[in-house]
Structure formats: C-alpha cells, structure tokens
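Contents: one structure, followed by commentary.
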Amino acid sequence: MSKQQYCELVRTTNQEQRHIILEVVHRLHGCGDYTSEAVQISFTGPAGCGKTYTLKCLMETYNRYTQEHN
C-alpha cells in the first residue's frame, strides 16, 4: 500500500476508529519496551460497522511503524 493510500485509509476512519489507531501508535512510539503488557483489542458490532476496516488500518499502521523502526 502506498503512503497516499495509507493516508486516505486513515483519513476516512471515524472518530472511534481513529482513537484506537492513535492509541496503538502511541503505545508503539511511547513504550519501546517490548516486555510491557500486550495490548488486547476485541472488535464487536453488527455487520458493516467497520470492524474489518479498523483491523486493516491497525495492521497497516503496525507494519509501517515496525518496518520504519527496525
């Protein structure tokens, strides 16, 4: 996924989705200590509410961050 596609993906998230993504970014950036507790996230909701979309954003964010900082 290109940087432009990624930015568009994140830009089209709603407030709750963006909050989760930013929380993960904060933990990735702020912790740096991989011995800390694992983050556990559970997605629930009806079909079409954005669970898969949010997960896709989270996976792309995590992959981008870890590739840039390794």
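Numbers 147 to 216, taken from our numbering, label the letters of the sequence shown in order.
All C-beta atoms in this analysis are idealised placements derived from N, C-alpha and C, irrespective of residue type, glycine included.
Output the distance between the C-alpha atoms of residue i and residue j, rounded to the nearest integer angstrom.
i: valine 156; j: alanine 184; result: 23 Å
i: glutamate 154; j: methionine 147; result: 11 Å
i: lysine 149; j: arginine 173; result: 21 Å
Could you spell out where the alpha helix (DSSP H) holding residue i opens and where it closes?
i: valine 156; result: 149 to 157
Exposed or buried, what is residue i when buried is set at 16 or more other beta-carbons lying within 10 Å of its beta-carbon?
i: glutamine 163; result: buried
i: threonine 212; result: exposed
i: isoleucine 167; result: buried
i: threonine 207; result: buried
i: threonine 200; result: buried
Within its chain, find whatever has a CB closer than 7 Å to the CB of residue i; leave out the 5 residues flanking it on each side and keep chain order.
i: asparagine 209; result: none
Kindly list the residues whose CB is nearer than 6 Å to the CB of residue i, restricted to its own chain and excluding five residues on each side of it in sequence; keep chain order.
i: phenylalanine 189; result: Lys197
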